[in-house]
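In terms of UniProt numbering, the sequence shown has 38 at position 38, counting the first letter as 1, and numbering is strictly consecutive. Quick notes on the structure that follows.
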Amino acid sequence: MERDSHRTFREIHGSKENLVSSVKDILEKALVEVVEDDAPLNLRFITPYQITTGWPTDENCSDYALTLPGELPPGQEYISVSYTWAHSQEIDASKPISDYRIKDRATPDAPFRSINCPTMIFHRAWCFARAHKIPYIWIDQECIYQGNAEDKQRHLQIMDKIYKRSKWTVAVLSTELPDTMLSALALILQYSHQRLSCPNFGDWPGGIDIRPLYDEFKKNAVKILSSLYSDRWFTRAWTFQERRCASACVLLAPVGNKSDAVAQLSLDWIGSDVSFSFRHIFILMNPPNVCTQYHADNVHEVLVESFYHGGDLSGRSANWLLFRAMERCDSLICSDRLTIFANVCSFRYKLNSTVLNDAKYSYSTCMLALIMANEVEDKLTVDSTETSRSDVDLDQNFEWYLGRKQWSLDAKRAK
């Protein structure tokens, strides 16, 4: 399957009859109804090999265990980790990092193994876990048997639930934040906590004046936030799903060499990182005297689509907006996007992306079938879905169809 969302349905199929035939074939072979329940996910987790009362302060812990499926204690919270497998971050030689290793409890006689994910991902994730005193984290490269196709497929089907049920999803970024942005974050936290109407530049520790840093941020806000957005984490389809499905998503960004002024700012420091939320990003986008700069720049639209995270995205054209946001992201396997889109839209019906991972299926037509299936009320109606309706314009592409359809449906609901 190849991404063909830029092509019209006529370019893909030639005729309405061919389009109808393809949609019916897709629905017959790949339609899956989502079963919503609270059944245990039976996941494996990474946890300290020996959990003691002092584990949250043990920065030198190097031995960890991979639990058996379903071994998470009842009521125990966990942290899910969102990152890109090609995470690029050099290890600072001046700050030694433990030689992490893992013992799989499923094979007690086997020796400890090295970690599979990037070292800095593992290290920074555990810094966050210790700070929040949660001794269980879920990392896909560690907790899924990557060489077992059945295990991978089982986790693929519940990936959205893994992030929904975690206490936090921590997004580990590789792009360093400049002092100017850190000063703006500190001001945001200050007047958010104190419910101030505008930033207060006084009463900072040691009499530090951060106004020059903040003024610099205002002048270069688009450039600074665009640099953050260029982090690979924001351009992957799977991480798009993870941040949309997460119950609470926290961004973890490296800081590098902090200036004396920044080091004293009241921020959520996690080791050499700072953590912040998507809500903070939105406030950063519109500080005083910056809003007009954003609206004059195309990056505003990109940031709105990509940074949005507020639980439920509803109202006019919600699915269309989510599709556009996903289309800005890339994926190695095109058919995975069918699962991702269904998950972020919380659809009742999905398509089996493994079955459809074939060159004979059109990505756009699969998306069309997915939307049509989720417009009906029950499975019986899905099985007899009328796909030859006049609202499919052969001379338009799927995005045009989705936008037009969503505006029409929202208008009907408003009556």
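All residues carry an ideal CB built from backbone N, CA and C; glycine is no exception. Here the structure is a predicted model, which means the values were calculated and not measured.
| Presumed contact (8 Å Cβ cut-off) between C366 and I26, rounded CB distance | 6 Å
| Nearest residue (CA-CA) to P74, options L43, G54 and L228 | L43
| field | Secondary structure of T365, DSSP reduced to three states | value | helix
| Since D63 is in the beta strand (DSSP E), which residue starts that stretch and which ends it? | D63 to L66
| query | Beta carbon of M326, beta carbon of F347: below 8 Å? | reply | no
| message | Looking at the strands, I want to know which residues DSSP matches up with P48. | response | Y64
| Cutoff 7 Å; reference H155; Cβ partners in own chain excluding five residues on either side | I144
| field | Range of the contiguous beta strand (DSSP E) that encloses V250 | value | C249 to P254
| query | Does the segment 391-403 touch the segment 5-24, meaning 3 or more C-beta pairs lie closer than 8 Å? | reply | yes
| When you compare only the Cα positions, how much space is there between Q50 and Y64? | Between Q50 and Y64, the C-alpha separation is close to 8 Å.
| task | Kindly indicate the opening and closing residues of the beta strand (DSSP E) around F112. | result | From DSSP, F112 is part of no beta strand (DSSP E); its letter is neither H nor E.
| Relative to the alpha-carbon of residue 417, which residue among N220, T235, Y163 and K152 has its alpha-carbon at the smallest distance? | Any property of residue 417 remains undetermined from this structure, which presents the chain solely from 1 to 415.
| Is V20 near the ligand FMN, in the sense that its beta carbon is under 7 Å from a heavy atom of that ligand? | Among the ligands in the structure shown, none appear at all, so the ligand FMN cannot be discussed.
| request: Go ahead and pull the three-state DSSP assignment for A149. | output: Residue state for A149 is assigned as helix, using DSSP reduced to three classes.
| said: Tell me the rounded alpha-carbon separation between N343 and R211. | reply: Going by the C-alpha atoms only, they are around 43 Å apart.
| task | Tell me where the alpha helix (DSSP H) around L225 begins and ends. | result | A221 to Y229
| Count the other CB atoms within 10 Å of the CB of S266; is the residue buried (16 or more) or exposed (fewer)? | S266 sits exposed, since fewer than 16 C-beta atoms from the chains shown fall within 10 Å of its C-beta.
| Within 10 angstroms of its Cβ, does H6 collect 16 or more other Cβ (buried), or is it exposed? | exposed
| query | Given that a residue counts as buried once 16 or more other Cβ atoms are within 10 Å of its Cβ, and exposed if not, what is I333? | reply | exposed
| task | Would you list the residues sitting across from Y163 in a DSSP beta bridge? | result | Bridge partners of Y163: none, in fact.
| task | Just mark L402 as buried or exposed, buried being the case when its beta carbon has 16 or more other beta carbons within 10 Å. | result | buried
| Spatial distance of V274 from M372 (CA atoms) | 43 Å
| Where do the N-terminal and C-terminal ends of the alpha helix (DSSP H) with V20 fall, by residue? | K16 to A30
| the segment 249-257 / the segment 166-178 touching (three or more Cβ pairs under 8 Å) | yes
| At what residues does the alpha helix (DSSP H) containing W320 begin and finish? | A318 to E327
| Going by DSSP, what residues sit across from A171 in a beta bridge? | S82 and L251
| query | Does the segment 110-118 come close enough to the segment 135-142 to have 3 or more Cβ pairs within less than 8 Å? | reply | yes
| said: Would I188 and L41 be called neighbours here (beta carbons separated by less than 8 Å)? | reply: no
| query | In or out: A184 buried (at least 16 other Cβ within 10 Å) or exposed? | reply | buried
| Buried or exposed (CB count within 10 angstroms, at least 16 for buried), L356 | buried
| Just checking my contact of Y363 with M1 at CB under 8 Å: how many whole Å lie between their CB atoms? | 5 Å between Cβ atoms; contact.
| query | Is DSSP giving V274 helix, strand or coil here? | reply | In this structure, V274 counts as strand in the three-state DSSP scheme.
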